[in-house]
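To keep things clear, I will list the structure first and then write my remarks on it.
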Amino acid sequence: MSDLPFILFSLVAAWAAIMVVTRDIAVHALLYLVVVLLSLAGVFFALGAPFAAMLEIIIYAGAVMVLFVFVVMMLNLGQTDRDRERHWMAPGVWIGPTLLSGLLLIALCLTLRAMPPTTGSDTLAPIGPQTVGILLYGPYVLSVELASFLLLAGLVSAFHIGRDTRATGVNSGTATGDV
Amino acid sequence: MTAPMPVIIGVTLAILLGLATFLTWFERRLLGLWQDRYGPNRVGPGGILQAVADGIKILFKQDWIPPFADRGVFVLAPAIGMMTVLLSFGVVPVTAFWSIAGTLNVGLLFVLAMMGMGVYGVVLAGWASNSKYALLGSMRAAAQMISYEVFMGLSVLGVVMQAGSFTMRDIVLAQSGLWFVVPQALGCAVFTLAGIAETHRLPFDLPEGENELGAGFHTEYSGMKFGMFFLAEYAGVVLVSALLVTLYLGGWEGPLLPPALWFALKTSALVCLFVLLRAALPRPRYDQLMALGWKILLPLSLLNIAATGAILLLHAPG
Amino acid sequence: MIVATPPRPADLRAPATMFAQVAHTPAILAIEATRDAVPTVWIARQDAHAALARLKQPEAALRMLLDLTVIDERERTHRGDQPPSAFTLVYHLLSFADDGDELRVKVPLPADRPHAPTISDLWPNANWYECEAWDLFGIVFDGHPFLRRLLTPPTWTGHPLRKDHYARATEMPPYSLTEDQEKREQEALRFDPGQWGMHRHSANTDFMFLNLGPNHPSVHGVFRIVLQLEGERIVDAVPDIGFHHRGAEKMGERQSWHSYIPYTDRVDYLGGVMNNFPYVMAVETLAGIQPPPRAQMIRVMLAELFRIASHLVFYGTMSQDVGQLSPVFYMFTDRERVFEIIEAICGFRMHPAFFRIGGVAMDLPTGWDGLVRTFLDYLPKRLDEYEKMVMRNGIFRARTKGVGAYTVREAIEWGVTGPGLRACGLEWDYRRRAPYACYDQLEFDIPTAANGDCYDRVVVHIAEIRQSLRIVRQCVDNMPAGPIKADHPLTTPPPRTRTMHDIETLIHHFLNVSWGPVIPPGEARGCVEATKGLNQYHLVSDGGTMSYRTRIRTPSFPHLQMIPLISRGAMIADLIAIIGSIDFVMADVDR
Numbered sequence: 001m002s003d004l005p006f007i008l009f010s011l012v013a014a015w016a017a018i019m020v021v022t023r024d025i026a027v028h029a030l031l032y033l034v035v036v037l038l039s040l041a042g043v044f045f046a047l048g049a050p051f052a053a054m055l056e057i058i059i060y061a062g063a064v065m066v067l068f069v070f071v072v073m074m075l076n077l078g079q080t081d082r083d084r085e086r087h088w089m090a091p092g093v094w095i096g097p098t099l100l101s102g103l104l105l106i107a108l109c110l111t112l113r114a115m116p117p118t119t120g121s122d123t124l125a126p127i128g129p130q131t132v133g134i135l136l137y138g139p140y141v142l143s144v145e146l147a148s149f150l151l152l153a154g155l156v157s158a159f160h161i162g163r164d165t166r167a168t169g170v171n172s173g174t175a176t177g178d179v
Numbered sequence: 001m002t003a004p005m006p007v008i009i010g011v012t013l014a015i016l017l018g019l020a021t022f023l024t025w026f027e028r029r030l031l032g033l034w035q036d037r038y039g040p041n042r043v044g045p046g047g048i049l050q051a052v053a054d055g056i057k058i059l060f061k062q063d064w065i066p067p068f069a070d071r072g073v074f075v076l077a078p079a080i081g082m083m084t085v086l087l088s089f090g091v092v093p094v095t096a097f098w099s100i101a102g103t104l105n106v107g108l109l110f111v112l113a114m115m116g117m118g119v120y121g122v123v124l125a126g127w128a129s130n131s132k133y134a135l136l137g138s139m140r141a142a143a144q145m146i147s148y149e150v151f152m153g154l155s156v157l158g159v160v161m162q163a164g165s166f167t168m169r170d171i172v173l174a175q176s177g178l179w180f181v182v183p184q185a186l187g188c189a190v191f192t193l194a195g196i197a198e199t200h201r202l203p204f205d206l207p208e209g210e211n212e213l214g215a216g217f218h219t220e221y222s223g224m225k226f227g228m229f230f231l232a233e234y235a236g237v238v239l240v241s242a243l244l245v246t247l248y249l250g251g252w253e254g255p256l257l258p259p260a261l262w263f264a265l266k267t268s269a270l271v272c273l274f275v276l277l278r279a280a281l282p283r284p285r286y287d288q289l290m291a292l293g294w295k296i297l298l299p300l301s302l303l304n305i306a307a308t309g310a311i312l313l314l315h316a317p318g
Numbered sequence: 001m002i003v004a005t006p007p008r009p010a011d012l013r014a015p016a017t018m019f020a021q022v023a024h025t026p027a028i029l030a031i032e033a034t035r036d037a038v039p040t041v042w043i044a045r046q047d048a049h050a051a052l053a054r055l056k057q058p059e060a061a062l063r064m065l066l067d068l069t070v071i072d073e074r075e076r077t078h079r080g081d082q083p084p085s086a087f088t089l090v091y092h093l094l095s096f097a098d099d100g101d102e103l104r105v106k107v108p109l110p111a112d113r114p115h116a117p118t119i120s121d122l123w124p125n126a127n128w129y130e131c132e133a134w135d136l137f138g139i140v141f142d143g144h145p146f147l148r149r150l151l152t153p154p155t156w157t158g159h160p161l162r163k164d165h166y167a168r169a170t171e172m173p174p175y176s177l178t179e180d181q182e183k184r185e186q187e188a189l190r191f192d193p194g195q196w197g198m199h200r201h202s203a204n205t206d207f208m209f210l211n212l213g214p215n216h217p218s219v220h221g222v223f224r225i226v227l228q229l230e231g232e233r234i235v236d237a238v239p240d241i242g243f244h245h246r247g248a249e250k251m252g253e254r255q256s257w258h259s260y261i262p263y264t265d266r267v268d269y270l271g272g273v274m275n276n277f278p279y280v281m282a283v284e285t286l287a288g289i290q291p292p293p294r295a296q297m298i299r300v301m302l303a304e305l306f307r308i309a310s311h312l313v314f315y316g317t318m319s320q321d322v323g324q325l326s327p328v329f330y331m332f333t334d335r336e337r338v339f340e341i342i343e344a345i346c347g348f349r350m351h352p353a354f355f356r357i358g359g360v361a362m363d364l365p366t367g368w369d370g371l372v373r374t375f376l377d378y379l380p381k382r383l384d385e386y387e388k389m390v391m392r393n394g395i396f397r398a399r400t401k402g403v404g405a406y407t408v409r410e411a412i413e414w415g416v417t418g419p420g421l422r423a424c425g426l427e428w429d430y431r432r433r434a435p436y437a438c439y440d441q442l443e444f445d446i447p448t449a450a451n452g453d454c455y456d457r458v459v460v461h462i463a464e465i466r467q468s469l470r471i472v473r474q475c476v477d478n479m480p481a482g483p484i485k486a487d488h489p490l491t492t493p494p495p496r497t498r499t500m501h502d503i504e505t506l507i508h509h510f511l512n513v514s515w516g517p518v519i520p521p522g523e524a525r526g527c528v529e530a531t532k533g534l535n536q537y538h539l540v541s542d543g544g545t546m547s548y549r550t551r552i553r554t555p556s557f558p559h560l561q562m563i564p565l566i567s568r569g570a571m572i573a574d575l576i577a578i579i580g581s582i583d584f585v586m587a588d589v590d591r
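Here you go:
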């Protein structure tokens with residue numbers, strides 16, 4: 001019974017993931033992907049990692065996916081793109097990868113079954129934000145620093161790409177308005 | 001004074017939706033006061049039944065979905081907008097004992113998460129409408145709301161550091177000595193601006209941009225779907241005011257009066273501030289808005305975090 | 001003591017340098033003497049372009065093409081010794097460097113397929129004027145970049161202002177709009193970028209073509225701009241006018257000289273009595289009437305009150321377009337005070353039609369000076385408040401400073417007059433440079449600004465409100481006593497003492513207001529510094545009770561033509577600010 005939320009969230013995630021790959025309108029697929037991420041957040045929550053759940057929603061579903069939707073909106077996809085998607089949905093296309101993925105799944109299950117059980121308490125204790133913070137800046141501080149390098153690189157390249165290289169004439173209105 | 005959870009949820013929902021409806025009338029009266037004219041004052045005492053009349057009118061309107069629009073997403077978008085705002089209220093503690101989930105240990109993060117999801121309402125509305133004006137409006141909205149979410153998140157980190165927890169109730173309890181608006185003045189200012197931008201109210205209402213885009217992202221909406229956007233906007237105003245009160249203005253704390261009344265008074269004062277901003281200020285241009293955010297608010301909120309952290313470390317025991 | 005200002009005789013004016021430049025060249029066909037003493041020369045079609053090109057030199061003379069119009073001469077009987085012509089193309093040039101230097105160049109064109117060389121390579125603002133001449137008269141301009149219908153719909157047939165075109169719909173079979181016709185009309189309005197030489201995509205993006213208008217909160221009337229957008233930046237813009245065209249010029253040919261006055265009110269609908277001013281001045285010049293001093297001063301006072309009212313609308317709508325929703329309400333309250341005065345004096349508010357040929361309709365009511373003085377004391381404090389609320393607001397300044405700027409040279413090339421020209425730094429006001437009514441006896445400054453951007457245009461408008469208050473105060477303090485109508489047989493309606501005494505005066509009065517006064521044949525123009533710029537009425541009389549040709553040169557027409565020039569590269573939000581700062585009214589553009 002206590003597993004019920006976990007089971008529900010997982011089922012929703014799985015079903016939504018199938019919907020993602022079978023839609024022919026790109027924005028619909030992206031919306032189902034958002035549902036997948038939201039249900040994954042629910043799974044995290046049910047497993048006692050509320051901080052991870054919230055971060056999943058804030059960053060993944062709330063920022064990364066919005067960017068995806070934004071870009072797809074700009075592409076202005078039309079009927080021809082829908083037809084092309086439907087064409088690519090023909091069984092000849094997805095049978096192969098699905099079989100191979102199925103083999104992978106079986107292999108994964110067998111390997112997990114064969115692994116020795118982890119030593120630790122049986123009950124799951126929720127991990128609060130304070131614990132996560134202490135761990136991040138304790139044993140895992142190196143990964144935090146690496147992540148910040150990556151973010152800095154992203155920031156600099158975004159600034160470089162988005163720079164207004166047009167000559168600002170008298171009519172363009174200041175690109176960097178002083179407020 | 002507490003009650004079983006269904007009662008709390010029911011009462012909160014009723015008050016929220018009633019407040020959003022009431023605000024449609026109240027804002028117009030208040031704007032009229034500041035603009036040297038009467039607002040609606042015919043229907044009912046002081047015109048207060050205008051809200052009811054508007055509601056009835058909008059419910060009876062033809063439920064028209066443009067033939068060129070994407071039907072499913074078109075109907076979904078206002079629902080997302082309303083839902084995220086209502087969900088956020090779940091973690092706002094009205095008093096120490098009255099809240100739906102005020103003791104959630106990641107309460108503040110939950111609010112930020114819901115703000116992030118609220119962007120979808122606007123963006124999908126514009127896309128589903130399949131019209132150029134709506135698309136322009138939602139493009140602006142997406143960029144604006146995403147950017148200001150960042151500043152919102154960064155500015156409340158100072159509060160989290162001082163309170164030592166993400167739980168909304170604990171944040172309010174930590175203000176029993178001094179309201180956070182005093183040490184976190186900078187963060188409060190940034191949070192207010194970010195909050196106005198998130199609810200796309202004037203002066204940051206470019207997604208609607210009445211004077212420029214017709215009606216922006218909700219150009220193609222009519223009837224109750226438009227009403228839903230409208231109510232979601234007012235509910236958002238109440239939400240940001242309630243958050244400001246909770247995070248910076250001491251929540252329900254105050255002498256003499258019962259805590260719930262204090263909370264209500266403080267939130268109402270901030271709602272009036274929102275309406276005053278709408279009456280008074282012009283609208284910056286889109287690039288000026290983004291420049292304000294990224295070039296001024298971001299450094300300020302980072303400065304706030306650094307300063308708060310430094311001072312806390314200096315005064316830390318041992 | 002205020003005296004009546006007589007019209008300027010030609011020999012008292014500064015030496016007409018433009019006239020001197022062309023008068024003795026062999027290309028001249030004739031020199032015409034018009035009743036308004038504007039030097040007029042006739043030049044043959046093949047020499048017109050060269051002569052006008054020479055007239056544009058020297059650069060420092062700042063010569064503007066004020067007006068370009070056509071007169072259909074085919075039914076005109078009293079032409080005197082003018083060269084034979086079926087259609088007369090009239091160019092009116094005005095120099096901003098030499099006071100009072102104007103020249104009218106007339107080019108005779110034949111009746112069969114009239115055509116003339118374009119001068120849009122000399123003066124860019126000729127573009128729309130020539131389109132209008134093609135649209136309304138059928139004159140083809142060789143070499144014009146894109147000759148098309150401007151004021152009538154693209155599907156219109158015929159040329160409305162020609163004498164053989166019907167004036168009333170009742171002269172044609174009944175009109176019905178079938179579905180097919182409606183589809184055809186809609187298709188005709190569809191924008192085709194190829195026609196304008198626009199590309200549909202750049203190297204890596206598609207352009208978006210967006211219709212701003214004709215139904216839009218911020219375009220100030222029924223006005224359509226088609227924008228070529230790259231994201232939010234405007235690559236190019238095409239203004240589309242004509243939605244508000246009501247045929248005011250054609251109606252002038254069907255109304256008597258007197259009954260046309262209310263039509264003029266409605267051309268610039270915020271200007272009220274300011275529109276009557278140039279029209280009655282032109283008729284009075286034709287008739288040789290000199291209005292008495294009291295009438296002149298009443299006219300000036302009312303005109304300045306309407307200038308204040310119009311500028312208040314500009315101020316309020318400008319701040320509203322930029323997003324500030326409240327100031328417009330306060331300014332409209334102030335306008336109510338102005339209308340109280342105007343209603344007390346004229347009887348109506350926005351379209352009083354108060355001026356008459358020869359004076360004004362009625363005398364001022366008792367207590368009028370108290371009303372006006374109360375208003376004069378009331379407004380300056382309010383203006384100071386708006387200064388704090390709007391002009392010193394950081395966001396307003398950020399939205400308007402540096403946006404939509406143009407230079408004096410560009411303004412003159414494109415026909416900009418009024419506050420838009422003064423905001424570039426040129427201190428030029430028709431009331432000072434070529435005074436009419438009693439303006440030469442009144443003290444007022446000409447406000448200017450330096451940069452010619454949106455902010456400066458607002459600054460100039462506000463300063464003009466203060467100057468108008470000054471003028472009104474002088475009018476209240478110095479209002480002369482005396483009659484309010486000239487004692488002249490052509491004054492319409494005749495002064496009270498000359499009506500209803502005996503059968504003579506009764507007949508005279510009755511004929512004057514029903515059939516209309518018979519104005520002697522000739523041509524004259526009346527020009528004023530209206531609220532938005534130079535407003536000129538060019539009237540041609542053929543000795544009848546109705547005007548033969550009424551040409552209304554409105555200030556807002558060339559202002560709109562300039563929009564693409566100043567909005568290329570700007571964002572849509574800037575375009576809204578630019579449109580708001582131009583201060584136009586669609587009825588003023590389309591007539």
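Chains as they are written, first to last, in the UniProt record's numbering: chain A, 1 to 179; chain B, 1 to 318; chain C, 1 to 591.
Glycine residues also receive a C-beta, built at the ideal position from the N, C-alpha and C atoms.
### Query
How about A/L8: is its C-beta nearer than 8 Å to some C-beta of chain B?
no
### Task
Less than 8 Å between the CB atoms is what I'm expecting for residue 614 of chain C and C/P217, so what's the real figure, rounded?
Here chain C has residues from 1 to 591 only, and residue 614 of chain C is not among them.
### Task
Check whether the Cβ of B/P281 lies closer than 8 Å to any Cβ atom in chain C.
According to the sequence displayed, residue 281 of chain B carries Leu and not Pro. Yes - at least one Cβ of chain C is within 8 Å of the one on B/L281.
### Message
Just verifying my parser: in three-state terms, what is the DSSP assignment at C/D180?
### Response
helix
### Query
Taking Cβ positions, are B/L193 and B/N304 nearer each other than 8 Å?
no
### Message
I'd like the list of long-range same chain contacts for B/L249, defined as Cβ closer than 7 Å, with 5 residues on each side in sequence excluded.
### Response
W179, V181 and K266
### Message
Quick test of your reading: B/V123 and B/V91, contact by CB under 8 Å. State the CB separation rounded to the nearest angstrom.
### Response
Rounded, the Cβ-Cβ distance is 24 Å, inconsistent with contact.
### Message
Against chain A, with Cβ distances strictly below 8 Å, would B/N211 count as a contact?
### Response
Note that B/N211 has pLDDT 49, beneath the 50 cutoff, so the model's placement of it is unreliable and the number below is only indicative. Taking Cβ atoms only, chain A never reaches closer than 8 Å to B/N211, which makes this a no.
### Query
Enumerated in chain order, which unbroken segments of the alpha helix (DSSP H) with a length of 4 residues or greater are wholly contained in the region 310-392 of chain C?
327-346 and 368-386
### Query
Out of curiosity, what's the CA-to-CA distance linking C/L426 and C/S310?
22 Å
### Query
Is it a yes or a no for the region 110-118 of chain C touching the region 78-87 of chain C, going by three-plus beta-carbon pairs under 8 Å?
yes
### Query
If you run the structure through DSSP and keep just helix, strand and coil, what is C/F141?
strand
### Task
Scan the region 501-519 of chain C for residues whose Cβ lies nearer than 8 Å to a Cβ of chain B and list them as they occur along the chain.
none
### Message
In this structure, how does DSSP classify C/W42 when only helix, strand and coil are distinguished?
### Response
strand
#### Entry: Within 8 Å, strictly: CB atoms of C/D590 and C/I342
no
### Message
Looking at the strands, I want to know which residues DSSP matches up with C/A237.
### Response
C/L227
### Cut-off 6 Å between Cβ atoms - residues of its own chain near C/F314, not counting five sequence neighbours on either side
H461 and D583
### Query
Using DSSP with H/G/I as helix, E/B as strand and the rest coil, what is C/H509?
helix
### Query
Should C/G197 go down as buried or exposed, given a rule of 16 or more other Cβ atoms within 10 Å for buried?
exposed
### Query
Quick one: what does DSSP say C/G526 is sitting in, helix, strand or coil?
strand
### Task
Confirm, please, whether the CB-CB distance from B/M139 to B/T246 is below 8 Å.
no
### Query
Is A/L103 buried or exposed, if buried means 16 or more other CB atoms sit within 10 Å of its CB?
exposed
### Message
Rounded to whole angstroms, what is the Cα-Cα separation between C/G328 and C/I357?
### Response
Contrary to the premise, residue 328 of chain C reads as Val rather than Gly in this sequence. The alpha-carbon atoms of C/V328 and C/I357 are separated by roughly 36 Å.
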